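J.:
There are 2 protein chains.
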Amino acid sequence: MAEDRVLRVRTLLDAVRAAGRTALTAPEGKVIADAYGIAVPGEELATDVDEAVAFAARFNGPVVMKIVSPDILHKTDAGGVIVGVQGAVDVRAAFREIIENARAYAPEARIEGVQVQELLPQGQEVIVGAVTDPTFGKVIAFGLGGVLVEVLKDVTFRLAPVDADEAVSMLDSIRAAEILRGVRGAQPVDRWAIAEQIRRVSQLVTDFPEIAEVDLNPVIATPEGAVAADIRVILSEGEMKQRRTYTCAEMLTSMRRLMQPRSVAVIGASNEQGKIGNSVMRNLIDGGFSGEIHPVNPKSDDILGRKAYKSVTDVPGEVDVAVFAIPAKFVAAALEEVGRKGIPNAVLIPSGFAETGEHELQDEIVAVGERYGVRLLGPNIYGYYSTWQDLCATFCTPYDVKGGVALTSQSGGIGMAILGFARATKTGVSAIVGLGNKSDLDEDDLLTWFGEDPNTQCIAMHLEDLKDGRAFVEAARVTVPKKPVVVLKAGRTAAGAKAAGSHTGALAGDDAVYDDILRQAGVIRAPGLNEMLEYARALPVLPTPKGDNVVIITGAGGSGVLLSDAVTDNGLKLMEIPSDLDAAFRTFIPPFGAAGNPVDITGGEPPSTYEATIRLGLEDPRIHSLILGYWHTIVTPPMVFAELTARVVAEFRERGIEKPVVASLAGDVEVEEACAYLFERGVVAYPYTTEKPVAVLGAKYRWARAAGRL
Amino acid sequence: MAEDRVLRVRTLLDAVRAAGRTALTAPEGKVIADAYGIAVPGEELATDVDEAVAFAARFNGPVVMKIVSPDILHKTDAGGVIVGVQGAVDVRAAFREIIENARAYAPEARIEGVQVQELLPQGQEVIVGAVTDPTFGKVIAFGLGGVLVEVLKDVTFRLAPVDADEAVSMLDSIRAAEILRGVRGAQPVDRWAIAEQIRRVSQLVTDFPEIAEVDLNPVIATPEGAVAADIRVILSEGEMKQRRTYTCAEMLTSMRRLMQPRSVAVIGASNEQGKIGNSVMRNLIDGGFSGEIHPVNPKSDDILGRKAYKSVTDVPGEVDVAVFAIPAKFVAAALEEVGRKGIPNAVLIPSGFAETGEHELQDEIVAVGERYGVRLLGPNIYGYYSTWQDLCATFCTPYDVKGGVALTSQSGGIGMAILGFARATKTGVSAIVGLGNKSDLDEDDLLTWFGEDPNTQCIAMHLEDLKDGRAFVEAARVTVPKKPVVVLKAGRTAAGAKAAGSHTGALAGDDAVYDDILRQAGVIRAPGLNEMLEYARALPVLPTPKGDNVVIITGAGGSGVLLSDAVTDNGLKLMEIPSDLDAAFRTFIPPFGAAGNPVDITGGEPPSTYEATIRLGLEDPRIHSLILGYWHTIVTPPMVFAELTARVVAEFRERGIEKPVVASLAGDVEVEEACAYLFERGVVAYPYTTEKPVAVLGAKYRWARAAGRL
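In order, the protein sequences belong to chains P and W. Position in the first sequence (from 1) plus 1 gives the number in the working numbering. Position in the second sequence (from 1) plus 1 gives the number in the working numbering.
Below you can see the structure in the form of structure tokens.
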């Protein structure tokens, strides 16, 4: 059956192509709809009155009847259209009336018969469509129909194909989702029928990549079903470009040697201060890299006390990574030598390629890389850090705080912001990688590696585009169940996308598509640079919550209100506190304090009140996460609060009870030290903000849900 | 005319009240609609066929005709309703048919005639309503009609009454505003006719405070007009509580003595460390207050080296402020003495009043205050700072960085966060004031004062509720044209509002109402605590932009993209760079750099490139604001960038050219020092974030628009 339908559509599309058309006619659309079981109004050509009665009976409801004659163009003027005919008697009468009217209108007309078409019922209009996105390929769209929704742009997207469950999830992803479930006593529409339309359209465009667009607009959804009033199909003009792909095993092999090298060559190493080749050498040495470091420079024998080689081919033994610190115009030739030497990775720091309009130069090095099987990082990057290897292959400054987050950036400026932020906050890092022009290695390679890397607990990526959105989604789907993936997608807005265009020549996809598809892949999207950095810093520190029950314990009632706002803003839920637990909290707080949630212990309380309530919050298995609101007082100074909180949390961790604990510290400048103390001990704490700690907890929950941990 | 209509409605409402009803009947609604010129379908009772024809002719379109008989309840069953009748012939026929049908259906029925009612045309359904908000009183609402909008909650609010311009502005304040202007070739509806319905309803509820709710639902809007299909009017059950109000002059007199006192008494002053009365004394002394400080304590003669008095009545001379540092139960008695002494201001630090359920105790002190004309700040506060007076009347720590922002907070915890943030960032402050329970003095008093205070350039307020939303809006409307007012409204979300309820017993109004009305008052709403603090720090530093043209100059292309996103997110517009200006920028940047906007000077550029492009940005009068994206490189280190930027900005300021300049610094930790340097010199600069500098600029623009400066 499936093959048969493919054959039918293939034959049709070939004929359309052969006719030099890209837009299909309505009857051609109907052929495709029928082949894929996309419900459209039934229609038949009745050549006599008995056929008309039979067809109408089959449609089991009112029909529209229309004269079919090549000589009558204005059917209505000819009295050749009757709407809403039902029952044999009326169908007979209508058939005769139409024929008579037509004869009267144009006595010479050739009459082929009367078209009998199902009359669509009143119902909720929805739109089902498929488009070809430059980043993600075939993408399926769903939204409510009608002009209002067009204005409000309430549409959701998924990668095609979608299965039935995914299709039905689209119905809940629009803002007006409630409509379809029936509001004000209206009956709900047949959700599965709509989902089936979505699924079938998604299968159609998957089977036929040359179909650029499909529109079912509108689909009339009723409690009994969903029928497309109209199907529009457009074929693509050209071919989609195919990108070279690598298997997961291939990626991992080269990435392992890149991130855990034993031997690194620096092409363009230099003794001259201020040169990139000097900075890279210094950072490798000062960073403490314990593997071999081989400077390559045709004009020196010794660089920073190490033997230098004229050519990388002269370097003894196996080399894992060649770091390039030479002008763009010399890169291709040096890369040839890297290829001949069998080095699997080239880190191309130089700029002066596609980003400055030198596309040919970039194409040339890509060709060399492909010929020799050398994977390219960059060009136009600051280099990369692999902290657990003490490897700083960059012209920036060394970084040595080992930890769980791997950060990547497409832009050098953002890379520097990552470095500065990490240093300022002592963020524990497993790697920082510049991607630059992404001539070869890109986010999916890195995701695949960091997903496997045991030193990496969280991956945070700044990106302006994706060369291959599907490969990224595939890599994300494999990685997300293991560890959080945070993405800062720059060029979200029209203005941002325009800037991206002039910056990298990258085509920034429509953000609504990115947003839905990244979410579908389980990626945590950071709204801005600072959020990406904060998530990167905090997510590896926080344990994974085991349930949805969030409790706020606060000394400052005012913080409690703001923290509650933040809880809602971040899609979290304040636990409804059961009465026994409420009573338990009340034993620790003053009579005028408020139990419930937030638990308001009030401002003047001693350390013991904070400690007792935090203990209860960690102890009770019905509570899954704690948000603490601290208020600086003489009775409980900041460091006292920090010490007791860290101690209690550590004690419970030793007992195997790990819950996310975040804190907002309101107080004088001493709270900054207290926050740093807490952060280092696994409590995500911020001064002067009630938003950030909850935003981070929200990000952890989003990941936990995407990873199926909740 | 106006008096006549008021009389008619007054008579009607009195009758309804007298009948013990709160809901008006449809005919009563029609009387009110007619009195206020609210367009509803015309209807008349025709007692004979000629009357029917005349009425129908007057309505000038199709009509609905209905039997009117006290004995026929089910008009349709009786064949007593005919819809869509038009023209004398049809009206005659319909009249007769209805009468005949009625006679046949119920031969004994008393027939009063046939109602002839205008048939409403097809059109866009909208909703116009008025409600009585506990914070803001009469509030008028507008939204699109229909179930979809109900689901999407696309409604906008204004304080009643509104004038015609304000009413029409409501049409543009809904998300689906475009619909009313006509989309997909549809004709626009008569916007002024809708606005007129809004205006009239707002006048009605203003004239009659006892009308709790009015609903015109739906109003049918067409290109020719807007007619309410239905009007529903509900009267309030009880009386609205009136709050005591003060004139502006009264407020200013007491506020001046509070904020610029010459003599302060501390009731409960103490020599004992750890006591609030000790901390307050120390802070007054250590803060350097140059006026008189009089400790009051019945048990001491000398406190911290100053003569102590048994009672405040013993203090010699005039006293401007009495600071209370005694337990709640002693406050009322001491306040009596303050009143007798003629002290105009009592600063009530003690807690233990309404916030702990002690409402009677609070009512008692309010009564004492009113009796003597003593204005009360608090109770349940940390006190207040008036930095230009070196006055720290608080139990917290002194603060001495004088500057332009006045901050207030309802919560003590948030007050501590304000203090810590201000100290950490060296924010220049004119005052920090705790409002606590707001038993008397509240935000409108403070707004009125700070609006006049020449030391204050910006006012930032944390609040959980407003005792009198209208008084606040009035004060804001007077203040905003002079200086920005930033508000952090806690309890935005249902969860937050619930926490507010349990914290202060305050009724947190519906946030949609707050949001629209605060915006209407020109207030800049901060989405969170940290944003409030950042706006407070930055707004007084930034000059007011003179136009909408924003230009990004960036060394990091990646920052340029993110900054562009932030520009759109914050409602700003990237200037379309004219070709001559584009050419001028190009003379300074490498050939592969991107002019346009962002101006991407590329990463490796020397200080001179930053300087030349910033100069051009300041020089060209078509550019109104600059956003700088700095990328840390060896060629242009952070402090070099900071120094050149500050120098150029200062030079232009001396020449009288003042434009807002904000900067995002991407780099290693040295950028933090560079940001502090820039901030102190009037360039709002942040490290590791592309969002904050633009958010602050956006806030300045929002204010400039609200203040009519743009």
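No residue lacks a Cβ here, since even glycine has one placed at the ideal position from N, Cα and C. These numbers come from a predicted model, not from an experiment.
Could you give the distance in angstroms between the alpha-carbon of lysine 342 of chain P and the alpha-carbon of glycine 421 of chain P?
T.: Here residue 342 of chain P refers to the residue found at position 341 of the first sequence. Here residue 421 of chain P refers to the residue found at position 420 of the first sequence. Rounded to whole angstroms, lysine 342 of chain P to glycine 421 of chain P spans 36 Å at the Cα level.
J.: In the stretch 250-292 of chain W, which residue ranges form an unbroken beta strand (DSSP E) of at least 3 residues, counting only runs that do not cross its ends?
T.: 264-268
J.: Under the rule that 16 or more other beta-carbon atoms within 10 Å means buried, what is alanine 509 of chain P, buried or exposed?
T.: On the first sequence, position 508 is the one that residue 509 of chain P refers to. Here the model assigns alanine 509 of chain P a pLDDT of 32, short of 50, so the residue's position is not dependable, and the following value carries that caveat. Alanine 509 of chain P is buried by the Cβ-count criterion.
J.: Counting only C-beta atoms, is isoleucine 33 of chain P closer than 7 Å to chain W at any point?
T.: Locating residue 33 of chain P in the first sequence gives position 32, counting from the first residue. No, because no Cβ of chain W sits closer than 7 Å to the Cβ of isoleucine 33 of chain P.
J.: Three or more C-beta pairs closer than 8 Å, one from the stretch 473-493 of chain P and one from the stretch 532-548 of chain P: is that the case here?
T.: yes
J.: Please tell me whether glutamate 692 of chain P has its Cβ less than 7 Å away from any Cβ of chain W.
T.: For the purposes of this step, residue 692 of chain P is taken as the residue at position 691 of the first sequence. Taking Cβ atoms only, chain W reaches closer than 7 Å to glutamate 692 of chain P, which makes this a yes.
J.: Ends of the beta strand (DSSP E) at tryptophan 450 of chain P?
T.: Mapped onto the first sequence, residue 450 of chain P falls at position 449. Careful: tryptophan 450 of chain P lies outside any beta strand (DSSP E), inside the alpha helix (DSSP H) at 444-453.
J.: With a threshold of 16 other CB atoms inside 10 Å of the CB of alanine 16 of chain P, please say whether the residue is buried or exposed.
T.: On the first sequence, position 15 is the one that residue 16 of chain P refers to. Exposed.
J.: Provide the residue(s) that pair with leucine 575 of chain P in DSSP beta bridges, ordered along the chain.
T.: By 1-based counting over the first sequence, the position of residue 575 of chain P is 574. Per the DSSP secondary-structure output, leucine 575 of chain P pairs in a beta bridge with P:Val551.
J.: Is the CB of leucine 14 of chain P under 7 Å away from at least one CB in chain W?
T.: For this step, residue 14 of chain P is matched to residue 13 along the first sequence. So, not an interface residue.
J.: Helix or strand or just coil, what does DSSP make of glutamine 123 of chain W?
T.: The residue given as residue 123 of chain W occupies position 122 in the second sequence. DSSP places glutamine 123 of chain W in coil when its eight states are reduced to three.
J.: Whose C-beta lies closer than 6 Å to the C-beta of glycine 43 of chain P among residues of the same chain, with five residues either side of it excluded?
T.: In the first sequence, residue 43 of chain P corresponds to position 42, counting from 1. So the qualifying residues of the chain are Phe60 and Glu119.
J.: Is the Cβ-Cβ distance between glycine 88 of chain W and alanine 47 of chain W less than 7 Å?
T.: Sequence index remark: in the second sequence, residue 88 of chain W carries index 87 (1-based). Sequence index remark: in the second sequence, residue 47 of chain W carries index 46 (1-based). It is not a contact, given that the beta carbons lie outside the stated cut-off.
J.: Going by alpha carbons, who is nearest to glycine 630 of chain W out of W:Ile602, W:Val650 and W:Arg656?
T.: By 1-based counting over the second sequence, the position of residue 630 of chain W is 629. Closest option to glycine 630 of chain W, Cα to Cα, is W:Ile602.
J.: Is the Cβ of arginine 703 of chain P closer than 7 Å to any Cβ of chain W?
T.: The residue labelled residue 703 of chain P in the question sits at position 702 within the first sequence. Closer than 7 Å: no.
J.: Shorter than 7 Å from the beta carbon of alanine 85 of chain P to some beta carbon of chain W?
T.: To locate residue 85 of chain P, count along the first sequence from 1; it is residue 84. According to the sequence as given, residue 85 of chain P is glycine; it is not alanine. No - not a single Cβ of chain W is within 7 Å of the one on glycine 85 of chain P.
J.: Kindly say whether arginine 283 of chain P, judged by its beta-carbon, lies nearer than 7 Å to any beta-carbon of chain W.
T.: The residue you call residue 283 of chain P lines up with position 282 of the first sequence. No, arginine 283 of chain P does not count as interfacial toward chain W.
J.: Quick check: the Cα distance between proline 71 of chain W and arginine 9 of chain W, rounded to an integer number of angstroms?
T.: Indexing the second sequence from 1 puts residue 71 of chain W at position 70. Indexing the second sequence from 1 puts residue 9 of chain W at position 8. Going from the Cα of proline 71 of chain W to the Cα of arginine 9 of chain W covers about 26 Å.
J.: What does leucine 160 of chain P pair with, by DSSP beta-bridge criteria?
T.: As a position in the first sequence, residue 160 of chain P is number 159, starting the count at 1. Looking at the DSSP assignment, leucine 160 of chain P forms a beta bridge with P:Val140.
J.: To which residues does DSSP link phenylalanine 325 of chain W through a beta bridge?
T.: Looking up residue 325 of chain W in the second sequence gives position 324. W:Ile268 and W:Leu349, per the DSSP bridge assignment.
J.: Can you find a CB in chain W that lies within less than 7 Å of the CB of glycine 1 of chain P?
T.: With chain P running from 2 to 711 in the structure shown, residue 1 of chain P is simply not present.
J.: Which chain P residues sit within Cβ distance under 7 Å of glutamate 673 of chain W?
T.: As a first step, residue 673 of chain W must be located in the second sequence, where it is residue number 672. Those are Ala425, listed as they occur along chain P.
J.: Work out the CA separation of glutamine 411 of chain P and isoleucine 180 of chain W for me, nearest whole Å.
T.: Here residue 180 of chain W refers to the residue found at position 179 when the second sequence is read from its first residue. Here residue 411 of chain P refers to the residue found at position 410 when the first sequence is read from its first residue. Approximately 40 Å, taken between the alpha carbons.
J.: Looking at lysine 701 of chain P and proline 639 of chain P, is the spacing between their C-beta atoms short of 7 Å?
T.: As a working mapping, residue 639 of chain P is identified with position 638 in the first sequence. As a working mapping, residue 701 of chain P is identified with position 700 in the first sequence. No.
J.: Identify the contact partners of glutamine 411 of chain P in chain W, using a Cβ-Cβ distance below 7 Å as the criterion.
T.: Here residue 411 of chain P is taken as the residue at index 410 of the first sequence, counted from 1. Neighbours of glutamine 411 of chain P on chain W, chain order: Gly559.
J.: Less than 7 Å separating the beta-carbons of arginine 200 of chain W and aspartate 216 of chain W?
T.: Translated into positions along the second sequence, residue 200 of chain W becomes position 199. Translated into positions along the second sequence, residue 216 of chain W becomes position 215. Going by C-beta atoms, arginine 200 of chain W is not nearer than 7 Å to aspartate 216 of chain W.
J.: Would you say threonine 398 of chain P faces chain W, with C-beta separation under 7 Å as the test?
T.: As a first step, residue 398 of chain P is located in the first sequence; it is residue number 397 there, counting from the start. Flagged as an interface residue toward chain W: threonine 398 of chain P, by a C-beta distance shorter than 7 Å.
J.: Going by C-alpha distance, which of P:Val641, P:Val636, P:Tyr687 and P:Glu612 is nearest glutamate 652 of chain P?
T.: The residue given as residue 652 of chain P occupies position 651 in the first sequence. With distances taken between Cα atoms, glutamate 652 of chain P lies closest to P:Glu612.
J.: Find out if the Cβ-Cβ distance for the pair valine 148 of chain W, valine 140 of chain W is shorter than 7 Å.
T.: Reading the second sequence from its first residue, position 147 is the one you call residue 148 of chain W. Reading the second sequence from its first residue, position 139 is the one you call residue 140 of chain W. No, these two residues do not count as a Cβ contact at 7 Å.
J.: Is serine 271 of chain P near asparagine 284 of chain P, with beta carbons less than 7 Å apart?
T.: Working through the first sequence from its first residue, we reach residue 271 of chain P at position 270. Working through the first sequence from its first residue, we reach residue 284 of chain P at position 283. Contact flag unset, no.
J.: Distance, Cα to Cα, isoleucine 622 of chain W vs tyrosine 687 of chain P?
T.: The count along the second sequence starts at 1 and reaches residue 622 of chain W at position 621. The count along the first sequence starts at 1 and reaches residue 687 of chain P at position 686. Per the sequence shown, the amino acid found at residue 622 of chain W is proline instead of isoleucine. Distance between the alpha carbons of proline 622 of chain W and tyrosine 687 of chain P: 42 Å.
J.: Considering proline 193 of chain W, what are the terminal residues of the alpha helix (DSSP H) in which it resides?
T.: Locating residue 193 of chain W in the second sequence gives position 192, where the first residue counts as 1. Note that residue 193 of chain W is tryptophan in the sequence shown, not proline. Its alpha helix (DSSP H) spans residues 192-208.
J.: Check each residue of the stretch 338-351 of chain W: if its Cβ is closer than 7 Å to any Cβ of chain P, include it; give the result in chain order.
T.: none
J.: Flag this pair as yes or no: are the beta carbons of cysteine 459 of chain P and valine 524 of chain P separated by less than 7 Å?
T.: Taking the first sequence and counting its residues from 1, one reaches residue 459 of chain P at position 458. Taking the first sequence and counting its residues from 1, one reaches residue 524 of chain P at position 523. Going by C-beta atoms, cysteine 459 of chain P is not nearer than 7 Å to valine 524 of chain P.
J.: Closer than 7 Å by beta-carbon distance: list the chain P residues that pair up with phenylalanine 422 of chain W, in chain order.
T.: Looking up residue 422 of chain W in the second sequence gives position 421. By Cβ distance, chain P contributes Tyr689.
J.: Among P:Gln123, P:Leu160, P:Cys249 and P:Gln274, which has the Cα closest to the Cα of glycine 226 of chain P?
T.: For this step, residue 226 of chain P is matched to residue 225 along the first sequence. Comparing Cα-Cα distances from glycine 226 of chain P to each of P:Gln123, P:Leu160, P:Cys249 and P:Gln274, the minimum goes to P:Gln123.
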